[in-house]
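The structure under discussion appears below in the form of structure tokens.
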Amino acid sequence: MGHPPAQTRLADPEIGRDLRDRLPTRAGQIHCSTPELRRLGCRHPRLPSRDDHRLGPGVRRSGSGSWLAHRDSGFRDSRLELGGELSGKTLQLSVGDLRQLPKTEYIAVHTCMQGWSATSKWAGVRLRDLLEVLGPPPEGANYVMITSHGLAQEMWDHRPREPFYAVLDLDTVAEDDTILAYERNGHPLEVHLGAPLRLRVESNHGYKMVKWIKSIEWITDYAAYGDGRGGTREDAAMQAFNGRI
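Counting in UniProt numbering, the sequence shown tops out at residue 245, every number present.
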């Protein structure tokens, strides 16, 4: 979901037990609370990707400069951030690294609530297999949060647009057809459909299927992120956290 990278949208992307040991890691970082939460006296962290320092020096919150540079280089140096604060480390994975994991392929009909449908053959790695690269889930890992380089179409209170994100419960994460896709119809994923990596969750509506993915991480409670409802569309009260079809 969200707008394509060319309209200030984005996405950034190392697997097996031996690969895990040699991948670059980064310590988790503390993130400040949102103005809305501060007014309520809360001290929850913000959605991590909203912080300018996570998008790189000189890049504004849109992060578009980073994604566009990766697009222009054919995503050669693009990396997925896997892990996060709860895991205590962040792995930097290329699409080539993801291709070392078991590949899943299937044909699915996507029927959008907006009235259109399309049939595609998707290929990628199951989300549950990808998360196993981190080892056993950390204590308190109750959900998985997926954050995009792409921005929300519009913030409900008209504040500056923020990176699109979605949160999945553990049952959804474990499903066979919940995958991180890097191919469609036998070819690398197209830019306008989320290149280099996008989420496919065939049991759910499209607003859970994050495009231009920047990061994937375990979290304890989605109430601590964004506006506390479990995703960009949920925060805007446009959809419910339960996105099952």
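Backbone N, C-alpha and C define an ideal beta-carbon position, used for all residues, glycine too.
Here the structure is a predicted model, which means the values were calculated and not measured.
Closest to residue i by C-alpha separation, out of the options, would be which residue?
i: S78; options: E85, S87, Q92, G84; result: Q92
i: E190; options: K211, L134, R159, R161; result: K211
i: F164; options: E234, Q114, E183; result: E234
i: V201; options: H187, E217, L168; result: L168
i: T119; options: V125, I107, M113, L130; result: I107
i: L68; options: T220, W218, G226, H149; result: H149
i: H158; options: A236, E105, R76; result: A236
i: Y143; options: S87, G65, S73; result: S87
i: W218; options: G194, E132, H187; result: E132
i: A224; options: W156, C112, L170, E85; result: E85
i: H187; options: Q114, G124, R76, N242; result: G124
i: L199; options: M145, Q114, S66; result: M145
i: L134; options: G230, S73, R229, E81; result: E81
i: M155; options: R76, F75, P137, M238; result: M238
Helix, strand or coil for residue i, going by three-state DSSP, please let me know.
i: R244; result: strand
i: R198; result: strand
i: K103; result: coil
i: S78; result: coil
i: A223; result: helix
i: A108; result: strand
i: W116; result: coil
i: K121; result: strand
i: R54; result: The predicted model places R54 with a pLDDT of 34, which falls under 50 and marks its position as unreliable; any figure quoted below should be read in that light. Three-state DSSP puts R54 in a helix.
i: T233; result: For the record, residue 233 in the displayed sequence is Arg; it is not Thr. Here R233 sits in helix by DSSP.
i: K211; result: coil
i: G135; result: coil
i: G96; result: helix
i: H44; result: Reliability fails at H44, whose pLDDT of 28 lies under 50, so the model's placement of it is uncertain and the value that follows must be treated cautiously. Note: H44 maps to coil in three-state DSSP.
i: R26; result: Caution applies to R26, whose pLDDT of 34 falls short of 50 and renders its modelled position unreliable; the model cannot decide the point.
i: H187; result: strand
i: W156; result: coil
i: P13; result: With a pLDDT of 30 at P13, under the threshold of 50, the modelled position of this residue cannot be trusted, and the question is left open.
i: S148; result: strand
i: R71; result: helix
i: L168; result: strand
i: G88; result: coil
Less than 6 Å between C-beta atoms, sequence neighbours within five positions excluded: which residues of the same chain meet that for residue i?
i: A174; result: R128
i: T104; result: R126, I179
i: G230; result: V167, Y222, F241
i: T232; result: A152, F164, Y165
Could you name the residues of the same chain whose beta carbon sits closer than 8 Å to that of residue i, not counting the 5 residues immediately before and after it, in chain order?
i: S203; result: T172, E175, D177, T178, R244, I245
i: R113; result: Note on identity: in this sequence residue 113 is Met, with Arg being the wrong assignment. Same-chain partners within the cutoff: H205, G206.
i: G58; result: In this predicted model, G58 has a pLDDT of only 27, less than 50, meaning its place in the structure is not dependable; the value taken from the coordinates is given anyway. The residues are G65.
i: F75; result: P13, V95, A195, P196
i: P138; result: L86, S87, G88, W218
Hey, residue i and residue j: beta-carbon distance below 8 Å or not?
i: W122; j: R184; result: yes
i: residue 247; j: H70; result: Missing from the structure shown is residue 247; the chain here goes from 1 to 245 and no further.
i: K208; j: A240; result: no
i: I213; j: L193; result: no
i: G96; j: T220; result: no
Between residue i and residue j, which are expected to be in contact by the criterion C-beta below 8 Å, what is the C-beta distance as a whole number of angstroms?
i: T147; j: S215; result: 5 Å
i: Y182; j: L98; result: 6 Å
i: L170; j: L130; result: Contact flag wrong, Cβ pair sits at about 14 Å.
Please tell me whether, using a cut-off of 7 Å, the distance from the CB of residue i to the nearest non-hydrogen atom of the ligand FMN is below it.
i: T220; result: Of the ligands one can find in the structure shown there are none, so the ligand FMN has no counterpart to examine.
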